[in-house]
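For the sequence shown, the positions run -9 to 80 when this note's numbering is used. Note that CB positions come from ideal geometry on N, CA and C, so glycine has one too.
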Amino acid sequence: MDINKQVKVDPNLLRNKELSQVYYLPDQDIKWYLLSNDPAGYNIDEYTIVSVEDVLVQFPEFQELYDLDIGNKQVMFKKGINSNKWYDFV
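See below:
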């Protein structure tokens, strides 16, 4: 699997929890991290590596963020509780 096409996923997302936070960490080998609204923990070393294609099947809303040209900024995206829109925090 191409490392540029991988994301790390909070194990609770694989247990059908809702996607609520996405982190982009440009200094890491795998740059995208997806967290549920109730993360199993914040130790990203324990997250599951999944292909982008598989993530997009389960979470098509991630495509909007994945397509962004973020560059070398570390960014956290959080989904609005009522709006269901993504908000970014640099």
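{"Check": "Three-state secondary structure (DSSP) of LEU24", "Outcome": "strand"}
{"Check": "VAL80 vs LYS63 beta-carbon contact at 8 Å", "Outcome": "yes"}
{"Check": "CB contact flag (PHE49, LEU25, <8 Å)", "Outcome": "no"}
{"Check": "Contacting residues, own chain, Cβ-Cβ under 6 Å from PRO16 (five flanking each side not counted)", "Outcome": "ASN62"}
{"Check": "Residue nearest to ASP0 in terms of C-alpha spacing, selected from ALA30, VAL65 and SER10", "Outcome": "ALA30"}
{"Check": "Proximity below 8 Å, CB of ASP28 to CB of LYS(-2)", "Outcome": "no"}
{"Check": "Reference ASN2; option with closest CA among GLN11, GLN(-4), ILE20 and ASN(-6)", "Outcome": "GLN11"}
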